[in-house]
């Protein structure tokens with residue numbers, strides 16, 4: 001695991017070390033560089049495979065190619081054996097060197113042979129071309145800036161900004177989409193002119209021209225003909241195989257263990273495969289309605305593992321500056337958990353396996369079943385739902401708890417007003433900012449500068465794809481192409497790398513994702529039973545009381561904390577809102593959201609979380625405040641609350 005950078009610009013060799021060292025947290029063990037008259041490359045390394053000789057950049061036999069890579073190639077042993085038989089000579093035993101020799105053999109199609117997580121760049125010294133690629137599911141990040149003969153790329157935006165070849169400027173289109181979708185879609189970032197290379201894509205640069213191409217996609221139409229038992233057996237065998245591949249490491253490996261089905265299944269499989277006690281890492285909260293530590297303990301006890309747990313309290317507000325710094329964009333409530341559990345894990349290991357991807361591959365979210373229920377609910381006349389029932393749901397007291405009755409009732413009624421892809425797109429923004437809410441939040445002047453208003457099209461592009469037939473598969477395909485690379489895996493990468501920890505996710509191995517796509521929808525969502533087929537596999541390894549319980553989710557009682565310990569902080573923060581001062585957000589609407597939440601009228605915790613994070617993000621990236629000075633700023637607002 002590493003951080004990579006590159007510059008094609010005059011005097012790039014003079015700044016390559018400065019921008020690469022911004023990524024030291026991604027690779028604290030060593031650094032490596034390459035420069036010629038055309039390009040400068042940099043890499044920070046977290047040593048996991050080939051600890052002694054795996055320094056990058058790595059060159060091929062005649063030094064005509066230079067490689068820098070962030071990631072792991074899990075099928076490297078088989079690839080290496082095949083390449084050696086074809087006459088290729090290796091300089092190291094590190095896994096990523098196979099990429100160089102595959103590029104010699106297959107050119108741009110080398111990516112189709114790789115099974116792993118990666119973002120890499122290959123510079124061809126002979127024809128002065130650059131080839132950059134990201135893995136199939138987008139586990140490893142890559143951003144770039146191109147203008148007037150200059151190209152800068154890096155694993156994180158902050159490294160590009162360090163070059164000072166591009167100045168930080170808010171991308172209003174990216175902001176417009178983010179606050180609805182909770183992720184940055186397509187090639188957007190929150191910084192104008194800095195683009196994201198999409199997952200499963202490569203970029204080719206030559207003579208100051210670039211081409212971007214998507215090399216892989218999913219097909220949900222070709223379904224397995226086997227019966228349920230055979231599909232279950234196939235899934236079990238493939239998941240065992242990919243979990244074993246993800247154990248490739250020259251350093252000790254542990255697992256994240258949330259207490260949910262996905263991470264518990266991966267942990268159990270690691271235990272079965274290794275037959276050894278290994279460390280597991282879990283976090284919890286004092287509020288038992290959100291705490292999953294008892295279920296994590298069931299797994300660690302069953303397999304006699306080495307558990308490491310931590311309890312989180314409301315002072316997590318002080319974590320936000322560090323989280324935002326490492327994400328280069330607003331943090332996420334889900335990210336809090338990943339950040340903290342990674343912090344615990346980094347004290348013991350360099351590598352962990354997690355359960356990311358189970359919900360998106362096998363229909364684990366409530367909205368998957370909820371969309372079916374909405375169809376039955378729509379039997380009621382639309383005028384009844386739009387007027388009578390809406391008035392009733394608006395008056396239901398908000399409990400501010402996880403999946404509260406008020407939220408469920410409001411969601412069901414609101415979603416019944418939409419059909420098909422529009423409904424699914426609306427379900428993604430229901431707890432955040434809908435199109436109507438954005439009209440209220442953004443000032444008229446800010447709205448006039450937004451060029452791409454259509455956030456819903458980012459969802460419909462996949463939901464309405466012709467490579468999917470069934471409703472559940474349409475929802476899954478949409479998630480796998482949007483939320484998976486641009487939200488979930490992005491957060492896991494940044495929050496684990498913040499602590500120099502490599503997180504691996506067997507459930508998003510692209511071969512397993514393809515197998516899941518071939519499973520009939522009714523075996524993923526069976527009636528109202530979420531993750532039906534995965535639960536059958538999990539039941540081979542886990543206690544039934546863990547598997548067949550209501551989904552809790554990996555979260556915290558943020559809504560309640562915002563009404564108690566954090567209430568004064570929020571008031572003080574928004575009274576100094578930079579986004580209001582800049583004329584981007586409407587003061588009256590921000591105040592309305594806060595007043596409604598604090599008074600108990602409505603639960604706006606997701607919206608308020610986005611807004612408070614944007615305020616801190618702005619101070620870090622546009623006012624050049626350090627993490628520590630931003631924490632002092634937060635402390636100051638907390639003191640104001642106590643003295644009020």
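Numbering (our numbering), first residue to last: 1 to 644.
Even glycine gets a Cβ: it sits at the ideal position worked out from N, Cα and C.
Check your understanding: Is it right to say residue 251 is buried, meaning 16 or more other beta carbons lie within 10 angstroms of its own, or is it exposed?
Key -> To locate residue 251, count along the chain shown from 1; it is residue 251. Per the 10 Å Cβ criterion, exposed.
**Study point:** Proximity of residue 257 and residue 280 at Cβ, strictly below 8 Å
**Key:** Counted from its first residue, the chain shown places residue 257 at position 257. Counted from its first residue, the chain shown places residue 280 at position 280. A contact, by the Cβ cut-off of 8 Å.
Review point. Assuming residue 273 and residue 247 make a contact with CB atoms under 8 Å, what is their CB distance in whole Å?
Key: Working through the chain shown from its first residue, we reach residue 273 at position 273. Working through the chain shown from its first residue, we reach residue 247 at position 247. Between residue 247 and residue 273 the Cβ distance is about 7 Å, and since that is below 8 Å, they are a contact.
**Study point:** Run of the beta strand (DSSP E) containing residue 147, from where it starts to where it stops
**Key:** The count along the chain shown starts at 1 and reaches residue 147 at position 147. Looking at the DSSP string, the run of the beta strand (DSSP E) that includes residue 147 is 143–147.
Review point. Do residue 647 and residue 141 have their C-beta atoms within less than 8 Å of each other?
Key: With the chain covering only 1 through 644, there is no way to say anything about residue 647.
Exercise for review: Please check the pair residue 645 and residue 56, which I expect to be a contact at CB under 8 Å, by giving their CB distance rounded to whole angstroms.
Suggested key: Look at the range of the chain in this structure, 1 to 644, and you will see that residue 645 is not part of it.
Check your understanding: For residue 176 versus residue 453, is the C-beta spacing smaller than 8 Å?
Key -> Residue mapping note: residue 176 aligns to position 176 of the chain shown, counting from 1. Residue mapping note: residue 453 aligns to position 453 of the chain shown, counting from 1. Yes, the pair counts as a contact, with Cβ atoms nearer than the cut-off.
Check your understanding: Between residue 588 and residue 615, what straight-line distance do the alpha-carbon atoms span, to the nearest angstrom?
Key -> In the chain shown, the residue the question calls residue 588 occupies position 588. In the chain shown, the residue the question calls residue 615 occupies position 615. Going by the C-alpha atoms only, they are around 17 Å apart.
Check your understanding: Since residue 625 sits in a beta bridge, which residues does DSSP pair it with?
Key -> Position 625 of the chain shown, counted from the start, is the residue given in the question as residue 625. DSSP output for residue 625 lists no bridge partner at all.
Check your understanding: What does a CB cutoff of less than 6 Å around residue 326 pick up in its chain, not counting 5 residues either side in sequence?
Key -> As a first step, residue 326 is located in the chain shown; it is residue number 326 there, counting from the start. Same-chain partners within the cutoff: 494 and 498.
Review point. Where does residue 86 land, buried or exposed, given buried means 16+ other C-beta within 10 angstroms?
Key: Walking along the chain shown from the start, residue 86 turns up at place 86. Per the 10 Å Cβ criterion, exposed.
Check your understanding: residue 444 lies in the alpha helix (DSSP H); which residues open and close that run?
Key -> Within the chain shown, numbered from 1, the residue matching residue 444 stands at position 444. Its alpha helix (DSSP H) spans residues 444–449.
Practice item. Excluding the 5 residues preceding and the 5 following residue 624 in the sequence, name in chain order all residues of the same chain whose CB lies nearer than 7 Å to its CB. Key: Here the question's residue 624 lines up with position 624 in the chain shown. Excluding sequence neighbours, residue 624 sits near nothing in its chain.
Check your understanding: Taking residue 316 as the reference, which of 179, 622, 613 and 130 has the closest Cα?
Key -> As a first step, residue 316 must be located in the chain shown, where it is residue number 316. Per the Cα distances, 613.
**Study point:** Inside the region 534–579 only - alpha helix (DSSP H) runs reaching at least 4 residues
**Key:** 544–547, 558–563 and 567–574
Point to revise | Reduced DSSP secondary structure (H/G/I, E/B, other) of residue 589 | key: Residue 589 sits at position 589 when you count from the first residue of the chain shown. Three-state result, residue 589: helix.
**Study point:** Proximity of residue 618 and residue 265 at Cβ, strictly below 8 Å
**Key:** For the purposes of this step, residue 618 is identified with residue 618 of the chain shown, where counting begins at 1. For the purposes of this step, residue 265 is identified with residue 265 of the chain shown, where counting begins at 1. Their beta carbons are not under 8 Å apart, which means residue 618 does not touch residue 265 by this criterion.
Review point. Excluding sequence positions up to five away, which residues of its chain have a Cβ less than 6 Å from the Cβ of residue 645?
Key: Shown here, the chain extends from 1 to 644; a query on residue 645 therefore has no answer.
Review point. Under the rule that 16 or more other beta-carbon atoms within 10 Å means buried, what is residue 277, buried or exposed?
Key: The residue you call residue 277 lines up with position 277 of the chain shown. Counting Cβ neighbours within 10 Å, residue 277 comes out exposed, since fewer than 16 surround it.
Review point. Where does residue 78 sit, in a helix, a strand or coil, going by DSSP?
Key: Taking the chain shown and counting its residues from 1, one reaches residue 78 at position 78. DSSP places residue 78 in helix when its eight states are reduced to three.
Check your understanding: Does DSSP put residue 133 in a helix, in a strand, or in coil?
Key -> Start at 1 with the first residue of the chain shown, and residue 133 comes out as number 133. Strand, per DSSP.
Review point. Could you give the C-beta distance for residue 192 and residue 170, rounded to a whole number, given that I count them as a contact under 8 Å?
Key: Here residue 192 refers to the residue found at position 192 when the chain shown is read from its first residue. Here residue 170 refers to the residue found at position 170 when the chain shown is read from its first residue. Confirmed, Cβ separation roughly 7 Å.
Review point. Does the Cβ-Cβ distance between residue 507 and residue 262 come in under 8 Å?
Key: For the purposes of this step, residue 507 is identified with residue 507 of the chain shown, where counting begins at 1. For the purposes of this step, residue 262 is identified with residue 262 of the chain shown, where counting begins at 1. Yes. Within cutoff.
Review point. If you draw a straight line from the alpha carbon of residue 602 to that of residue 563, how long is it in whole angstroms?
Key: To locate residue 602, count along the chain shown from 1; it is residue 602. To locate residue 563, count along the chain shown from 1; it is residue 563. Distance between the alpha carbons of residue 602 and residue 563 is about 11 Å.
Exercise for review: Following the continuous alpha helix (DSSP H) through residue 362, name the residue where it begins and the one where it ends.
Suggested key: Sequence index remark: in the chain shown, residue 362 carries index 362 (1-based). That run of the alpha helix (DSSP H) goes 358–362.
Check your understanding: For residue 407, which of helix, strand or coil comes out of DSSP?
Key -> Indexing the chain shown from 1 puts residue 407 at position 407. Helix.
Point to revise | Same chain only: Cβ atoms within 8 Å of residue 537, ignoring 5 sequence neighbours per side | key: Taking the chain shown and counting its residues from 1, the one referred to as residue 537 is at position 537. Excluding residues within five positions, the ones whose Cβ falls inside 8 Å are 232, 235, 236, 239 and 265.
Check your understanding: Is it the case that the CB of residue 246 approaches a heavy atom of the ligand MG more closely than 7 Å?
Key -> Looking for the ligand MG in the displayed structure turns up nothing, as the structure carries no ligands at all.
Exercise for review: Kindly list the residues whose CB is nearer than 8 Å to the CB of residue 66, restricted to its own chain and excluding five residues on each side of it in sequence; keep chain order.
Suggested key: Residue mapping note: residue 66 aligns to position 66 of the chain shown, counting from 1. So the list reads 34, 41, 57, 58, 59, 122, 123 and 125, once near-sequence residues are dropped.
Check your understanding: What is the residue span of the beta strand (DSSP E) that residue 119 lies within?
Key -> By one-based count along the chain shown, residue 119 stands at place 119. Start and end: 116–124.
Review point. Which stretch, first to last residue, makes up the beta strand (DSSP E) that contains residue 213?
Key: One-based indexing of the chain shown puts residue 213 at position 213. That run of the beta strand (DSSP E) goes 209–214.
Practice item. Tell me whether the beta-carbon of residue 578 lies closer than 8 Å to the beta-carbon of residue 432. Key: For the purposes of this step, residue 578 is identified with residue 578 of the chain shown, where counting begins at 1. For the purposes of this step, residue 432 is identified with residue 432 of the chain shown, where counting begins at 1. Cβ atoms of residue 578 and residue 432: not closer than 8 Å.
Exercise for review: State the start and end residues of the unbroken alpha helix (DSSP H) segment that holds residue 158.
Suggested key: Working through the chain shown from its first residue, we reach residue 158 at position 158. It spans 157–162 - the alpha helix (DSSP H) in which residue 158 sits, taken as one unbroken run.
Review point. For residue 62 versus residue 76, is the C-beta distance shorter than 8 Å?
Key: What you label residue 62 is simply residue 62 of the chain shown in a count that begins at 1. What you label residue 76 is simply residue 76 of the chain shown in a count that begins at 1. Not closer than 8 Å, so no.
Practice item. Check whether the region 480–490 touches the region 203–213, counting contact only when three or more Cβ pairs, one atom from each stretch, lie closer than 8 Å. Key: no
Point to revise | residue 73 vs residue 32 beta-carbon contact at 8 Å | key: As a working mapping, residue 73 is identified with position 73 in the chain shown. As a working mapping, residue 32 is identified with position 32 in the chain shown. Result no, Cβ atoms of residue 73 and residue 32 do not sit closer than 8 Å.
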